Amino acid sequence: MVVVVVLTVFFVRSMRQSSRMETNLDEYMPKTHPAFVYSYQAEEWFNIKDGILIAIENKNGIYNPQTLQ
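As structure tokens, this is what we get:
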């Protein structure tokens, strides 16, 4: 039991020292994808500092003429 606890402490300490949390999701996306290229251009052209997310909810689904209008 002591060996298991010692090994666990060793591995946890090692992981804490060599890991970090990345909160910028853009780091995981390909930089050459057209959507990101245009997004970066728009940020530069219009001096965009913050992103905006718009969510649309409809119990009948969003893919119908009434919702899209």
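Going left to right, the sequence shown walks through residues 2 to 70 as our numbering numbers them. Just so it is clear, CB atoms sit at the ideal spot from N, CA and C, and this is done for glycine as well. All values derive from a computational prediction rather than experimental measurement.
In the three-state reduction of the DSSP assignment, M16 falls in the helix class, which pools H, G and I. DSSP places Y41 inside the alpha helix (DSSP H), whose first and last residues are 35-47. Between I55 and T68, the beta carbon gap of about 13 Å keeps them out of contact (Cβ cut-off 8 Å). Judged by DSSP secondary structure, Q67 falls within the alpha helix (DSSP H) whose first and last residues are 66-69. A straight line joining the alpha-carbon of N61 with that of Q70 spans about 14 Å.
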